[in-house]
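**Q** All residue numbers for the sequence shown refer to this note's numbering, where the first residue is 63 and numbers rise by one.
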Amino acid sequence: MAPIQPLFFLVLLLMIRDISSLTDSRDVAVLRTLKDGWKNTPPSWENSDDPCGGNGWEGVTCYNSRVTRLTLSTMGLVGELSGAIGDLEELTSLDLSFNEGLTGSLPPQLGLLKNLSTLILAGSGFSGTIPTELGNLTQLYFLDLSSNSFTGVIPPSLGSLSKLYWLGLANNKFTGSIPVSTLAKPGMDSLKKAKHFNLNNNQLSGPIPDTLFSSEMALIHVLFDGNQFTGSIPETIGLVQTLEVLRLDRNALSGKVPSNIMNLVNVVELNLANNKLSGPLPNLTGMNSLSYLDLSNNSFDQSEAPAWLSTLSSLTTLIVEYGPFQGIVPSELFSLPQIQQIKLRNNAFNGTLDLGSSVSQQLELIDLQNNLISSFILSSEYHKLMLRGNPICANSTLGNTDFCKLQEESSKPYSTSLEQCGNISCVSGQKLDPASCECAYPYQGTLYFRGPSFRDLSNATIFHTLEMSLWVEFGLTPNSVYLDNPFFNSNDYLQVNMGLFPSNGVSFNTSDIQRFGSAFSNQTYKSPNKKLKGLKIYCKVYPVPMPEIWSGEVPSLRGENTVNRKTPSIKNTGGLNDPPVRFYIEESVDCLQFAQLLVHHSNKSSSSGLKFFFNNIDLFLKDPVKPFFITVLSVELGLESLQSIQASNLELIFRSEKSPNTLIVPKFHDWSRFMMNFLSSEGFEIGFSGTSSLLLAASGILVLDLTLFFFGEDSRGNLFSFRSSAANSSSSSITYLSSTSI
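(1) Determine whether the beta carbon atoms of Ser208 and Leu231 lie at a separation below 8 angstroms.
(2) Can you list, in chain order, the residues of its chain whose CB lies under 7 angstroms from that of Glu529, leaving out five sequence neighbours each side?
(3) Using the Cα positions of Asn452 and Phe465, report the straight-line distance between them to the nearest angstrom.
(4) Could you tell me the distance, in whole angstroms, from the CA atom of Arg475 to the CA atom of Phe563?
(5) Could you spell out where the beta strand (DSSP E) holding Asp429 opens and where it closes?
(6) State the Cα-Cα distance for the pair Pro810 and Gly197, rounded to the nearest angstrom.
(7) Of all the options Gln265, Leu460 and Glu278, which has the alpha carbon lying nearest to the alpha carbon of Ile435?
(8) Pull up the distance between the alpha-carbon of Gly166 and that of Glu142, whole angstroms please.
(9) Compute the Euclidean distance between the alpha carbons of Gly341 and Asn559, then round it to the nearest angstrom.
(10) Using a Cβ-Cβ cut-off of 6 angstroms (strictly less than) and excluding sequence neighbours within five positions of Ser219, which residues of its own chain qualify?
(11) Going by beta carbon distance, what residues of the same chain come within less than 6 angstroms of Val215, once the five residues before and after it are set aside?
(12) For Ser372 and Asp206, what's the separation of their Cα atoms in angstroms?
(13) If you count every other CB in all the chains shown that lies within 10 Å of the CB of Pro241, and 16 or more means buried, which is it?
(14) In this structure, what does DSSP give as the bridge partners for Ala410?
(15) Hey, Ala497 and Val568: beta-carbon distance below 8 angstroms or not?
(16) Since Phe259 sits in a beta bridge, which residues does DSSP pair it with?
(17) Here's the rule I'm using: 16 or more other beta-carbon atoms within 10 Å means buried, otherwise exposed. How should Phe550 be labelled?
(18) Going by DSSP in three states, Thr95 sits in which element: helix, strand or coil?
(19) How about Lys405 and Asp429: are their beta carbons less than 8 angstroms apart?
(20) Answer with buried or exposed for Gln831, where buried requires no fewer than 16 other C-beta atoms within 10 angstroms of its C-beta.
(21) If I follow the unbroken beta strand (DSSP E) through Met448, where does it start and stop?
(22) Can you find the residues in the same chain that come closer than 7 angstroms, C-beta to C-beta, to Phe525, ignoring five residues on each side of it along the sequence?
(23) Measure the C-alpha to C-alpha separation of Phe387 and Ser375 and round it to an integer number of angstroms.
(24) For Ser316, tell me which candidate among Asn337, Met324, Ser155 and Leu332 has the shortest Cα-Cα distance.
(25) Using 10 angstroms around the beta-carbon of Pro113, count the other beta-carbons present and answer buried if the total reaches 16, otherwise exposed.
(26) Helix, strand or coil, according to DSSP, for Arg312 in the structure here?
(27) Whole angstroms is fine: what's the gap from Gln492's alpha carbon to Ser393's?
(28) Bridge partners of Phe362, per DSSP?
(29) Is it buried or exposed, Val489, if we count other Cβ atoms within 10 angstroms and call 16 or more buried?
(30) What do you reckon, are the CB atoms on Asp149 and Thr133 nearer than 8 angstroms?
(31) Give me the residue from Thr463, Thr523 and Pro217 with the minimum Cα distance to Ile192.
(32) Just reading off the alpha helix (DSSP H) that Glu108 is part of, what are its end residues?
(33) Within its chain, find whatever has a CB closer than 6 angstroms to the CB of Ile270; leave out the 5 residues flanking it on each side and keep chain order.
(34) With H, G and I counted as helix, E and B as strand and the rest as coil, what does DSSP make of Pro269?
(35) Using C-beta distances below 6 angstroms, list every residue in its chain close to Trp107, excluding the 5 sequence neighbours before and after it, in chain order.
(36) Go to Val140, then tell me how far its beta strand (DSSP E) extends in each direction, as first and last residue.
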């Protein structure tokens, strides 16, 4: 019997080990298969056999022993995605973005992930065609496959994703036409809840289908630029009055621009440049939100500059190069209140150029090269004016002025100052941290903004705002962000090199690298909006009704670390008996939203620092939509003196009048906007931002992950910031709230 005892104890130990494991054995098997097929997995994947137990595996989130999220953005993974991924039955979110070493085709088994709501593979090295099985992911809310090497057609089955909010297929090699519904199959016209159609920079061809658009759609962004579309712009585009950005540039579209395009009164950016459009210039009267307009290089009928151009009060950038204009340049253009750049080269303007007596203070550039202008009335204020190639420059007096010369860039693009650091040099791979003037390994990447309304790349105020928003958003030491070499690329997207520096040590840890990448790939990082004049944003979050500056996504990131943050203390300061403020929202709830609102007011009279309380805010959803209703949000927050910033009674309650046990995350920008209005009425100079995300397991459990940020300036001008988390996924302390389906 003696030889049997070791075997018996070995079996017993294996049984005990299996019983003590917190991870379902089926999910463990899948993760091991993935690990075996990948290089550069996080260190914790080697140090433990239990992905959900103990400190867990980095990038793995679990609930009830099942893997619910797999987030491995910017990990440097190398290998292919195994079909075993389809066996993670409870997976709701898969983010493998910015891993260029992940190659090969997507396994059709992805279509087995029935609970998947988020699929982000942007900025990786995947190729081949998109599996039609992705159309089986009926819970999918966010799909981003941009910046890979996918080929073939867009699968019509994607039209079955009725809950889809974000469709990102940009920067691939897709061919063929846009799929629309037929009797036999669905199409993209069925995506009624989608806000973003990002199909830019592919090889799509054929006409844009008339049936693609309807008044039932909720689109904010239609980005079809950089393809091979032909035919005319469909008139149905004028029915989508939610649109804010319409980019059809760099195609081969022809015919007249539909007259009902003027119905798109919420459009901030309209770019129809570099097509074959003909007929009269489109009448854009009433499009008073328009900030950026480019109609260059088409075949419009020759005409004088229309009067409506001078009525677009929000316009910051006007570009009609190689255009149809003749006659006198209207002086009213130069007095538009927000105008920054006017680029009208290669038209047929003639006569006398008169800038008028009320030139906008925002105006930076007037480019009228290669027209027929014969004389010029000099303005009382100098602005960068380019007249080279006009008859006026043949004049011996003016021919030698700067107006008539080939002008170089007058100022250098912005770069974060390191002047305070002197001549310190760093070893290879390290950079100088602007905050400490010490060498460290930064998390580096390139920010891409798809249409900021400003064009002055030397404007330090704008880039300082961006730097601050980054260090606040990610909980870094103030000034520990480096920006460099901003420029507009050939697609007219703004690129900015970025470096984030750790607060402790010389490098970030793996968890924080993943956190940065995930924030960018999920579009939860939102660049600062206002309070800078005349700036508009579009992009990755629902808009708020005020001018903003930035927009964009980050398709390329790499890095090595992050920072440990201190969470403010919690204490009771009372005030819960105050009457509630009720705020109604009209739309169904959307999750995974992020908004950042910066409020600036001049009232800084409080000598004791900032203090405010925010009590019993009730949010009710009108005409609730299944499967969940949102109703009440109760929050009390207190800010005391700068030295002892506190968050008091941070309590989030979400319930329904019809079903009191139902809990839901609110539509984040509405809540943020309400908070902004409250702070505005109290006269504080303070910013608020936050992130919220939602996961729903098959068991009906709702997982709330909410983080709040505050930052601003006290009465003495001292900057401050703090963060308060209701859940901290990196330490596995997510708050779980019971939920009942309706």
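Beta carbons are placed, not taken as given, at the ideal position from N, Cα and C, and that holds for glycine. For clarity, every value in this text was computed on a predicted model and none was experimentally measured.
**A** The relevant details are as follows:
(1) Going by C-beta atoms, Ser208 is nearer than 8 angstroms to Leu231.
(2) Excluding residues within five positions, the ones whose Cβ falls inside 7 angstroms are Thr478, Val543 and Leu545.
(3) When rounded, the separation of the alpha-carbon atoms in Asn452 and Phe465 is 10 angstroms.
(4) Note that residue 475 corresponds to Pro in the displayed sequence, not to Arg. Going by the C-alpha atoms only, they are around 22 angstroms apart.
(5) Residues Leu427 to Asp429.
(6) No answer is possible for residue 810: the residues shown for the chain start at 63 and end at 804.
(7) Per the Cα distances, Leu460.
(8) Rounded to whole angstroms, the gap between the alpha carbons of Gly166 and Glu142 is 6 angstroms.
(9) Approximately 41 angstroms between the Cα atoms of the pair.
(10) Hits under 6 angstroms: Thr194 and Gly197.
(11) Shown here for Val215: same chain residues with a beta carbon closer than 6 angstroms to its own, the five before and five after excluded, namely Gly238 in chain order.
(12) Taking the straight line joining both Cα atoms gives about 39 angstroms.
(13) With 16 or more other Cβ atoms within 10 Å, it is buried.
(14) Ala410 is bridged by DSSP to Gln388.
(15) No, the pair does not count as a contact, with Cβ atoms beyond the cut-off.
(16) Its beta-bridge partners are Leu229 and Val284.
(17) With fewer than 16 Cβ atoms within 10 Å of its Cβ, Phe550 is classed as exposed.
(18) It is helical.
(19) Yes, Cβ-Cβ distance for Lys405 and Asp429 is below 8 angstroms.
(20) There is simply no residue 831 to check, as the chain begins at 63 and stops at 804 in what is shown.
(21) Residues Lys446 to Met448.
(22) Hits under 7 angstroms: Tyr476 and Leu545.
(23) Roughly 21 angstroms between the two C-alpha positions.
(24) It is Asn337 whose Cα lies nearest to the Cα of Ser316.
(25) By the Cβ neighbour-count rule, Pro113 is buried, with 16 or more other Cβ atoms within 10 Å of its own.
(26) It is coil, neither helix nor strand.
(27) Between Gln492 and Ser393, the C-alpha separation is close to 52 angstroms.
(28) Its beta-bridge partners are Gly341.
(29) Exposed, by the Cβ-count rule.
(30) Not closer than 8 angstroms, so no.
(31) Closest option to Ile192, judged by alpha-carbon separation, among Thr463, Thr523 and Pro217: Pro217.
(32) From DSSP, the alpha helix (DSSP H) with Glu108 extends over Ser106 to Asn109.
(33) Contacts found: Phe291 and Pro296.
(34) Three-state DSSP puts Pro269 in a strand.
(35) Excluding positions up to five away in sequence, the list reads Lys97 and Trp119.
(36) Val140 to Glu142 is the span of the beta strand (DSSP E), which, as asked, contains Val140.
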